[in-house]
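Take 4 as the starting number for the sequence shown in our numbering and just add one per residue.
Built from N, CA and C at the ideal position, the CB exists for glycine as well.
Let me begin by presenting the structure, written as structure tokens, before commenting on it.
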Amino acid sequence: MRVAIIGAGIVGLATAHALLDRGHEVVLVEPGAKQGRPTDGNAGWIAHTDVMPLASPKAWRNLPRWLMDPLGPLTIRPGYLPHLAPWLARFILASLPHRIEASIGAIRSINAEALPAWKGLLSSLKLDGHLRENGILSVWRHRSSFAQAKDLLERQRRFGIPVEILSPDDLARLEPALRNVEAAVLYPDACHVSDPALLAADLMRLALDRGAAHVPAHVLAVEPRQDAVHVRTDGAMEEIISDRIVVAAGAWSRSLAQQLGDRIPLDTERGYNATYPKGTFGLNHPIMFEGEGFVATPLDTGDRVGGAVEFAGLTSLPNHRRTDAMVQRLTGFLPHLQAETPAKRWMGFRPSIPDSLPVIGPAGKDPRVVYAFGHGHYGLTQAAITSELVADLVEQKPTGMDLKPFLPQRF
Ligand SMILES: Cc1cc2nc3c(=O)[nH]c(=O)nc-3n(C[C@H](O)[C@H](O)[C@H](O)COP(=O)(O)OP(=O)(O)OC[C@H]3O[C@@H](n4cnc5c(N)ncnc54)[C@H](O)[C@@H]3O)c2cc1C
């Protein structure tokens, strides 16, 4: 079949390879990496050991403190509140205990397959060199807040995820530069990539080498007709005709789905980061600073601190005072870090759904259109397994995973 993929972010690129593996003709319709697409600037974690949705007891516990601080880990720009209201209402519903349990089960079901899927994809393309398998740390400033994480750690263990609670000596040996940490955990099986932008660039290059076509255009409309699915673009090739369409346009997917009659509660959680020259942090592992809303990753190309959640939509300008505030908080853990060291600052658009689950499934009116977006904080982690599921959906074959929690019809 001829399959047009709208969006060549990490999800679209992984999907291109899954479809090429199965012998399909692939057309990537991508205007050229929109400013702030998260595929390029994310933290690089294959966070398959994570199981909690954003609507979690942890978030609600921290919410009052976070919202009091306009530069804190979670902010809603006041002017954006009316637009966000329907999303927020669903977020509150997703926080009901039985809904949290459902989200945890679904996140685990997809994350459990995430690393094997990435390993399969990377090794088939001889890109294994992008994977860094030396674990990820979570650290807590206070033992009292670590105590609140005990249930989560127990749950992860019940899921079969290795979790090692570290003694102060263990932590000092693994991360001698870290200060002001009273508790730490190592997830030895979690991993990260060399640099997410380099990985995406390699996946794009190899997709083209393998015969995929690239149409450098912005999709304006998707029109399923009897003969085929037609895509209208703003590019020189105004119409693309194909047997199947995959919508993988990240946070920009909502209006495309809406044209097809599907009202998906997709919004963006904007995230910020700063990337310093390699070695600046002196860290050996990626680290989650629990309760602070940021992570640090020693990428091959530089040391990145990133995170935060800002609800302000797709068009308003970044507020890099948030990045500066995050860096300032990081200096509390890495006192040798000079906040004024020049860093590259960035803001990107996580494609977010209130229940923290991606949308993977056929469009309501026409199964020839398949959705693959809304991966929120886990788009890199889940891209490879998503691509396998999407390839099954494109071929209208049964998937090896229960897709009910991810279907667009769940809303
Ligand atoms: C600060 C931060 C840190 C993160 N860290 C991690 C992490 O460590 N691990 C993890 O798993 N996830 C992480 N994420 C989330 C992850 O980056 C995203 O979930 C993921 O990149 C989404 O990928 P995507 O391909 O769906 O979307 P995108 O990266 O947004 O790509 C979508 C593509 O679609 C194109 N497009 C848009 N509209 C159209 C159109 N109309 N026509 C044609 N093309 C179009 C865009 O140009 C873009 O290239 C992080 C995100 C942020 C912001």
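From this set, the options, which residue's C-alpha is nearest residue i's C-alpha?
i, options, result
"arginine 371", "Arg161, Val225, Ile113, Phe292", "Val225"
"aspartate 237", "Val218, Pro227, Pro81", "Val218"
"alanine 220", "Met207, Leu201, Met240", "Met240"
"arginine 266", "Ala386, Ala117, Val362", "Val362"
"methionine 4", "Arg144, Trp48, Gln399", "Gln399"
"proline 357", "Asn45, Arg93, Ala21", "Arg93"
"alanine 311", "Ala19, Val14, Arg64, Pro73", "Pro73"
"lysine 153", "Ala88, Ala216, Pro60", "Pro60"
"alanine 62", "Ala97, Ala216, Arg413", "Ala97"
"aspartate 24", "His101, Leu128, Gly163, Leu174", "Leu128"
"glutamate 103", "Pro119, Arg257, Leu155", "Looking at the sequence provided, one finds isoleucine at residue 103 rather than glutamate. Closest by alpha carbon: Leu155."
"alanine 117", "Phe352, Ser106, Ala387", "Ala387"
"leucine 302", "Gly35, Arg158, Gly44", "Gly44"
"leucine 134", "Thr402, Glu157, Ala203, Ile8", "Ala203"
"isoleucine 9", "Gly351, Leu223, Pro338", "Leu223"
"leucine 211", "Glu33, Arg228, Asp405", "Glu33"
"glutamate 343", "Ile290, Phe352, Ala328", "Ala328"
"alanine 166", "Ala150, Ala193, His145, Ile290", "According to the sequence displayed, residue 166 carries valine and not alanine. Of Ala150, Ala193, His145, Ile290, the residue nearest in Cα terms is Ala193."
"valine 54", "Gln262, Ile107, Gln151, Ala88", "Ile107"
"histidine 145", "Ile164, Ala175, Val184, Gly132", "Val184"
"arginine 68", "Gly305, Gln341, Gly296, Thr300", "Gly296"
"arginine 182", "Phe149, Ser355, Leu333, Asp306", "Leu333"
"leucine 16", "Arg64, Leu84, Glu242, Trp121", "Trp121"
"leucine 337", "Phe292, Thr304, Trp349, Ser355", "Phe292"
Answer yes or no: do residue i and residue j have a C-beta to C-beta separation smaller than 9 Å?
i, j, result
"asparagine 287", "glutamate 178", "yes"
"glycine 12", "alanine 186", "no"
"glycine 42", "leucine 383", "A quick correction: the sequence has threonine, not glycine, at residue 42. Taking 9 Å as the Cβ cut-off, threonine 42 and leucine 383 qualify as a contacting pair."
"phenylalanine 314", "aspartate 270", "yes"
"alanine 486", "alanine 277", "Lying before the first or after the last residue shown, residue 486 is absent from the chain, which here runs from 4 to 414."
"valine 250", "valine 330", "no"
"aspartate 246", "leucine 130", "no"
"alanine 46", "proline 199", "yes"
"tryptophan 143", "glycine 294", "yes"
"alanine 394", "leucine 22", "yes"
"glycine 282", "histidine 339", "no"
"valine 30", "valine 14", "no"
"glycine 364", "leucine 396", "yes"
"leucine 406", "leucine 392", "yes"
Express the C-alpha separation of residue j and residue i in angstroms, rounding to a whole number.
i, j, result
"leucine 360", "leucine 99", "15 Å"
"leucine 70", "alanine 50", "26 Å"
"isoleucine 1", "glutamine 385", "Summary: the structure shown does not reach residue 1, with the chain confined to residues 4 through 414, and so no result is reported for it."
"histidine 20", "valine 298", "30 Å"
"leucine 3", "arginine 40", "What the structure shows of the chain is the stretch from 4 to 414, and residue 3 is not part of that stretch, so it cannot be assessed."
"tyrosine 275", "leucine 77", "11 Å"
"arginine 324", "glutamate 272", "17 Å"
"glycine 377", "arginine 161", "27 Å"
"glutamine 412", "tyrosine 381", "21 Å"
"asparagine 137", "aspartate 173", "15 Å"
"isoleucine 164", "leucine 189", "11 Å"
"leucine 320", "phenylalanine 352", "12 Å"
"arginine 257", "arginine 176", "47 Å"
"leucine 124", "isoleucine 248", "21 Å"
"glutamine 151", "isoleucine 95", "21 Å"
What are the partner residues of residue i, as DSSP defines its beta bridges?
i, result
"glutamate 272", "Arg353"
"histidine 217", "Leu31"
"arginine 247", "Val6"
"tryptophan 48", "His195"
"aspartate 306", "Tyr279, Pro301"
"isoleucine 79", "Phe314"
"threonine 326", "Per DSSP, none; premise fails for threonine 326."
"arginine 235", "Ala224, Glu242"
"isoleucine 290", "Leu140, Ala299"
"alanine 135", "Note that residue 135 is arginine in the sequence shown, not alanine. His195."
"lysine 3", "Nothing about residue 3 can be reported from this structure: the residues present for the chain run from 4 to 414 only."
"valine 372", "Ile248"
"valine 188", "Ser141, Ile168"
"arginine 348", "Ala277"
Using a Cβ-Cβ distance under 9 Å, would residue i count as near chain B?
i, result
"glutamate 295", "Among the chains of the structure shown, chain B does not appear; only one protein chain is present."
Would residue i be called buried (16 or more neighbouring beta carbons within 10 Å of its own) or exposed?
i, result
"isoleucine 139", "buried"
"isoleucine 110", "buried"
"glutamine 159", "buried"
"lysine 37", "buried"
"proline 171", "exposed"
"proline 56", "buried"
"alanine 88", "exposed"
"threonine 389", "buried"
"isoleucine 168", "exposed"
"histidine 195", "buried"
"leucine 306", "Just to set this straight, residue 306 is aspartate in the shown sequence, not leucine. Buried is the call here."
"isoleucine 290", "buried"
"glycine 309", "buried"
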